[in-house]
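Protein chains in written order, with our numbering: chain A, 3 to 143; chain B, 74 to 739. Beta carbons are placed, not taken as given, at the ideal position from N, Cα and C, and that holds for glycine. Computed from a prediction, not measured in an experiment: that's the story for all the values here. Read the structure below first, then the notes.
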Amino acid sequence: MEKFVLFTLGERWFALPGDRVQEIVLDHQIYSLPFVPPWVRGLINRHGEPCTVLDLQALLFQEELKARRFLVIRTEGDRYCFLISEVLSIVTLSEEDCHKLTAEAANEGYFSAMLTWNGRDIPVVDCEKISTRQEKDLAQQ
Amino acid sequence: MSIPRKLTLITLAFILPVSVMIFLIVSGINDSIQFSRFETYGNRYQRPLMALLRDIPLYSLAVDEESESASALAQQISSTLQSLDLVDKEIGANLQFTSEGLGKRGRTHLTIANLRSTWERLVNTRISSQRNKELVSIMDLIRGMIIHAGDTSNLILDPDLDSYYLMDVTLLALPQSIFRRHEIARELSQVYASQNGTMKIHVWRALAEESDFKRVTTSMQTALNEDPNFYGLSSTLLPNITPSLEDYRKAEESFLNELAKLATGSGSVTRVLSSCAESQRSSFVLWNTTVSELDQLLNTRIADYKSRRINSLLLTALSLAVALFLVFFIQRGISRSLSSFMAMFRIAGSGDLTPRYSSSAKSALRDEIDAMGEIYNSFIGSYVSDLTQLRTIMDTIRSLIQGLAASSQETSATSSEQAAAVKEIVSTMEDVDSLSKSIEKRIREITTISENTHAVVRGGFDRVQDTLGKMNEINQANQTTIEGIRFLSEKIENIWDIVNMINGIADQTRIIAFNAELEASAAGEAGRNFQIVATEIRRLADSTVRSTGEIKDRITEIQKSSDRLILTSETGTEKIREGNRLTSEIRELFDTILTSADTSSDSTRQIGKSINQQVVTFEQILIAIRQISEGVDHIATAIRGTASASDDLRSISDRIAGILKKYTLS
Numbered sequence: 003m004e005k006f007v008l009f010t011l012g013e014r015w016f017a018l019p020g021d022r023v024q025e026i027v028l029d030h031q032i033y034s035l036p037f038v039p040p041w042v043r044g045l046i047n048r049h050g051e052p053c054t055v056l057d058l059q060a061l062l063f064q065e066e067l068k069a070r071r072f073l074v075i076r077t078e079g080d081r082y083c084f085l086i087s088e089v090l091s092i093v094t095l096s097e098e099d100c101h102k103l104t105a106e107a108a109n110e111g112y113f114s115a116m117l118t119w120n121g122r123d124i125p126v127v128d129c130e131k132i133s134t135r136q137e138k139d140l141a142q143q
Numbered sequence: 074m075s076i077p078r079k080l081t082l083i084t085l086a087f088i089l090p091v092s093v094m095i096f097l098i099v100s101g102i103n104d105s106i107q108f109s110r111f112e113t114y115g116n117r118y119q120r121p122l123m124a125l126l127r128d129i130p131l132y133s134l135a136v137d138e139e140s141e142s143a144s145a146l147a148q149q150i151s152s153t154l155q156s157l158d159l160v161d162k163e164i165g166a167n168l169q170f171t172s173e174g175l176g177k178r179g180r181t182h183l184t185i186a187n188l189r190s191t192w193e194r195l196v197n198t199r200i201s202s203q204r205n206k207e208l209v210s211i212m213d214l215i216r217g218m219i220i221h222a223g224d225t226s227n228l229i230l231d232p233d234l235d236s237y238y239l240m241d242v243t244l245l246a247l248p249q250s251i252f253r254r255h256e257i258a259r260e261l262s263q264v265y266a267s268q269n270g271t272m273k274i275h276v277w278r279a280l281a282e283e284s285d286f287k288r289v290t291t292s293m294q295t296a297l298n299e300d301p302n303f304y305g306l307s308s309t310l311l312p313n314i315t316p317s318l319e320d321y322r323k324a325e326e327s328f329l330n331e332l333a334k335l336a337t338g339s340g341s342v343t344r345v346l347s348s349c350a351e352s353q354r355s356s357f358v359l360w361n362t363t364v365s366e367l368d369q370l371l372n373t374r375i376a377d378y379k380s381r382r383i384n385s386l387l388l389t390a391l392s393l394a395v396a397l398f399l400v401f402f403i404q405r406g407i408s409r410s411l412s413s414f415m416a417m418f419r420i421a422g423s424g425d426l427t428p429r430y431s432s433s434a435k436s437a438l439r440d441e442i443d444a445m446g447e448i449y450n451s452f453i454g455s456y457v458s459d460l461t462q463l464r465t466i467m468d469t470i471r472s473l474i475q476g477l478a479a480s481s482q483e484t485s486a487t488s489s490e491q492a493a494a495v496k497e498i499v500s501t502m503e504d505v506d507s508l509s510k511s512i513e514k515r516i517r518e519i520t521t522i523s524e525n526t527h528a529v530v531r532g533g534f535d536r537v538q539d540t541l542g543k544m545n546e547i548n549q550a551n552q553t554t555i556e557g558i559r560f561l562s563e564k565i566e567n568i569w570d571i572v573n574m575i576n577g578i579a580d581q582t583r584i585i586a587f588n589a590e591l592e593a594s595a596a597g598e599a600g601r602n603f604q605i606v607a608t609e610i611r612r613l614a615d616s617t618v619r620s621t622g623e624i625k626d627r628i629t630e631i632q633k634s635s636d637r638l639i640l641t642s643e644t645g646t647e648k649i650r651e652g653n654r655l656t657s658e659i660r661e662l663f664d665t666i667l668t669s670a671d672t673s674s675d676s677t678r679q680i681g682k683s684i685n686q687q688v689v690t691f692e693q694i695l696i697a698i699r700q701i702s703e704g705v706d707h708i709a710t711a712i713r714g715t716a717s718a719s720d721d722l723r724s725i726s727d728r729i730a731g732i733l734k735k736y737t738l739s
C-alpha cells in the first residue's frame, strides 16, 4: 500500500508519492529569478529559506500556470516546490493500482508510474527527473 | 393755274399797292396844286374888289368937290363891277360866294348884287351925308368880301413863308391900313375940330405906325428874306417889290409925320389929307405889285408840284417797266425749267424712268428747280432701285401666295377637323360637367363622414391619453420593483462574500488537514491516530467546501434568478418605455390624425366649395368651349375666306407684276 497526493494542473490530473510531499502551501509571493528557464518561476520564502518554484505545466505543456498553490517537495538538498492548481486528495493505493513505467517509457518523459483511481489514469510525476532537468537547464543558462 | 400766270398775278399783286401808293402821292400833289390854285383864285377875286376900294372913295370925293373926274371914275367903277361879275361867275362858286357858303359864315349880305345896289344908291344920292353913309356901307361890304375870299381861297393857310408874308400884306395888313386911312380922311376934319381931337389923332398915328406901317414893312422884308428857301429864288420878287415898297415907305412916313404935326398943333388938315391920299395911292401900287408877285410865287409852286407829279409818274412807270422786264426774264427762265421738268415727268409717267434732269445753268445761278432736279434724279434712282427690288419681292410674294393658297386649303381642312374635334370636346365636357356634379354630391357625403370620423378620432385621442397615464403608473411601479431586486442582489453579494470567506477558511482547513495527514503519514505508526484525526478534519473541510459550494450554487442560482428578474424587469421597463413611447407616438399620431381629421374636414369642406366652384367653372368652361366651337366654325369659315383671299392676292400680285413690267428701269 502506498500513499499518493493527487493534484491538478488546470484540468489535468497528476500524482506525487506521498512520502515526497513535505507540505502544501497557499498564497505565497513568488520572487522571480534572472537567467533561468521559463518553467522555473522563481522563489518563495518558506520559513526563512528559499524554495524554488517549478511550473510543471510550463515544462510539460509550454503553458504558464496561473495559480498560487505549491506542493513543497521533501529533499535533502536545495528545496523546491511544484506550482499546482488544486490538491485533490491523499489516497492510499495498492500496487495493483500503481503501474510502474518501463525504463524506455520513463526515460522519454518525467513520470515514473501510472495510477488508476476511480477509473481514471493518473501519471505519477518523477521528482528526480524534474530535478535533473532543472539542474541541466540551469547549467545551460 | 400755271406758274407763269401765278408769277404774273404776284407781279400784279405788287403793282397794285405801288399803284395805290402812286395814286395817293399824285392825289396829294393834286390836292396841293388845287390848294395853291385856290389861293390864286383868292387873288383874282381880290383884284376888282381892291380896285373898287381905291376908286369908290375917289368918286365920292370927286362928287363932293364937283370934279369932272367923277363921271370917269363912275364909268371905271361900273367897268370894275362888270369884271367882278365875270370873276364871280368863273370862280365865285369855288370861293363859296354862294348862298350856302355865305350862309354858313353869316355873310349872306356879301353879294355882288348887294354891292351893286349899294353902289347905285351912292351914285344916285345928292346929299353928301347920305353919300358918306352909303360909302361906309359899300366899304364894309368890300372889306367883308375881301375877308371871305381870303378865308375860302386857303390864302390864310398858305404853307410857304415867303408867300405867306406876301399874303399877310395883301390880304390883311394893306387892306387894314387902307381902311384906317379912309377912316382918318373921312373923320379928320371933325375930329381935329372937336375937343380932345388931338388925342384921337395921336391914337390914329400910333395905330397907323405900329399896326399898319411896321406890319407891312416887316412882313415884306420877311417875305424877301424867305424867298430863296422855297422853290428857288424868284427873279422878279426883289426887283419889283423894292421900288413899290420904298415908295410906300416914303409916302407912309410922310403921312405919319403930318399926323404927328397935326397932333402937336404945328400941321394942317390939308397936308394930312394930301399925304393920306399919296399914301393910299402908294399902298394900292404896293398891293398890285405884291399880289402879282404872290401870283408868281403860287404859279411857281404849282409848276413845281406839276413837275414833281410828272417826275413821280415817270419814275414809277420806269420802275414798273424795269420790274416787268425782270419779271418777264425770271418767268421765262422758270417756265423753261418747268417745261423741261414737265417733259421729264411726262416721260416718267409713260413708264420710262431712264431720263435724268440736267441743268444748263452755272452752279452759282442754280435755283430751287435745279435743286429739285437733283432731288428728282436721286428720287428716281432710289425709285428705280426700289422698283427693281419690288419686282424681285413680287416674284417672291407670288410664290409665297401660291404656297399660302395651298396651306389655306390645308388649314381649311384642318380647321374643319378641329371643329369636329372641338364638338367632341364639348360633348366630353358635358359628360365631365355631369360627373363633376356627381362628385359634388359625393363630396357632400364625404364631408359628413369626415365630420363623423373627426368625432371618433377625438374619442380615440381621449382614450390614448388615459392609456398614457396608466402606462406611466406601471412604469413607476416597475422602477420600484427593479430597485427592490437590485437591493436584494446587493444583499446576496454580501452573503456571497461571507460564503467565500467560509469557503476560504474551509479550503485552508482542508490544506491544513492535508499537511497534518502528510505529517502523520511521515510520522509512521506514531502518527496513525493523528492521521485519523487529520483525515476527519479534511473530510469535515471537504464537507464544508462542498456545503459552501452548494450554498454558492444556490446563491448563484438566486443571483441568476435575480439577474434574470432584473433583466426581465428591465426588459419589462423597456417594454413599458416602448409601450409609453408607442402610446406617445399613438397620441402624436392621434394628434396628427385629429389635425388631419380637422384638416380633412376643412379640406372636404374646401373641396366641396372648390367642387362647387369647379362645377360653376365647368359650366363656364362649357359655355366657353361652346363659344370656341362656334369660333372654330367661324375660323373655318374665315380660313376658307383666307383661301379665297389668297386667290385674290395671287390675282392682285399678278396685276402688280404687270404694272411693274410697264416701267423701263435701265
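Counterpart residues of residue i in DSSP-defined beta bridges
i	result
Pro316(B)	Pro316(B) pairs with nothing; no bridge assigned.
Phe286(B)	DSSP, once it has assigned bridges, lists no residue as partnering Phe286(B).
Tyr201(A)	Limits of chain A in this structure are 3 at one end and 143 at the other, which puts residue 201(A) out of reach.
Lys5(A)	Thr94(A)
Arg14(A)	Leu11(A)
Trp119(A)	Arg122(A)
Arg48(A)	Glu51(A)
Cys100(A)	Leu117(A)
Ile26(A)	Leu73(A)
Residues of its chain near residue i, where Cβ-Cβ distance is below 7 Å and the 5 sequence neighbours each way are ignored
i	result
Thr677(B)	Ile516, Ile519, Thr520, Ser523
Thr526(B)	Ala670
Ala115(A)	Cys100, His101, Lys102, Leu103, Val126
Leu11(A)	Leu58, Gln59, Leu67, Ile86, Ser87
Val618(B)	Asn576, Ala579, Asp580, Arg583
Ile741(B)	The requested residue 741(B) does not occur in the structure, where chain B is confined to residues 74 to 739.
Leu667(B)	Val530, Arg531, Phe534
Whether residue i touches residue j by CB criterion (8 Å)
i	j	result
Ala589(B)	Ala607(B)	yes
Leu157(B)	Pro121(B)	yes
Ala492(B)	Ala709(B)	yes
Gly223(B)	Gly115(B)	yes
Val23(A)	Arg48(A)	no
Phe587(B)	Val89(A)	yes
Arg660(B)	Val505(B)	no
Trp192(B)	Ile220(B)	no
Ser481(B)	Ile712(B)	yes
Gln700(B)	Ser509(B)	no
Leu280(B)	Arg253(B)	yes
Ile92(A)	Phe72(A)	no
Ser317(B)	Thr243(B)	no
Leu136(B)	Ser262(B)	Looking at the sequence provided, one finds Val at residue 136(B) rather than Leu. No, the pair does not count as a contact, with Cβ atoms beyond the cut-off.
Val42(A)	Leu62(A)	no
8 Å contact criterion, which residue i and residue j should meet: CB distance rounded
i	j	result
Leu67(A)	Ser87(A)	7 Å
Arg189(B)	Leu195(B)	11 Å between Cβ atoms; not a contact.
Cβ neighbours of residue i in the same chain (closer than 6 Å, five flanking residues each side left out)
i	result
Arg81(A)	Cys53
Ile106(B)	Ile375, Tyr378
Ile132(A)	Tyr112
Ser408(B)	Pro77
Arg723(B)	Ile474
Sequence-distant residues of its chain with Cβ nearer than 8 Å to residue i (five each side left out)
i	result
Gln369(B)	Ser307, Thr309, Leu310
Asn551(B)	Ser642, Gly645, Thr646, Ile649
The segment 571-590 of chain B: which residues have C-beta closer than 7 Å to a C-beta of chain A, in chain order? Correct list: Gln581, Ile584, Phe587, Asn588, Glu590.
According to a CB-to-CB cut-off of less than 9 Å, which residues of the segment 609-623 of chain B neighbour chain A? Result list: Arg611, Asp615.
For the segment 28-43 of chain A, enumerate the residues whose C-beta is nearer than 8 Å to any C-beta of chain B, in chain order. Under the 8 Å Cβ criterion, the segment 28-43 of chain A contributes Leu28.
To be precise: take each residue of the segment 87-108 of chain A, compare its Cβ to all Cβ atoms of chain B, and keep it if any distance is under 8 Å. Which residues remain? Residues Val89, Ile92.
Residues of the segment 44-73 of chain A with a CB closer than 9 Å to any CB of chain B: list them in chain order, please. Residues of the segment 44-73 of chain A with a C-beta less than 9 Å from any C-beta of chain B: Arg71, listed in chain order.
Please identify, using Cβ separations under 9 Å, the residues of the segment 590-605 of chain B that lie next to chain A, in order along the chain. Under the 9 Å Cβ criterion, the segment 590-605 of chain B contributes Glu590, Leu591, Glu592, Ser594, Ala595.
Pull out every residue of the segment 119-143 of chain A whose Cβ sits closer than 7 Å to any Cβ of chain B, in chain order. Residues of the segment 119-143 of chain A with a Cβ closer than 7 Å to any Cβ of chain B: none.
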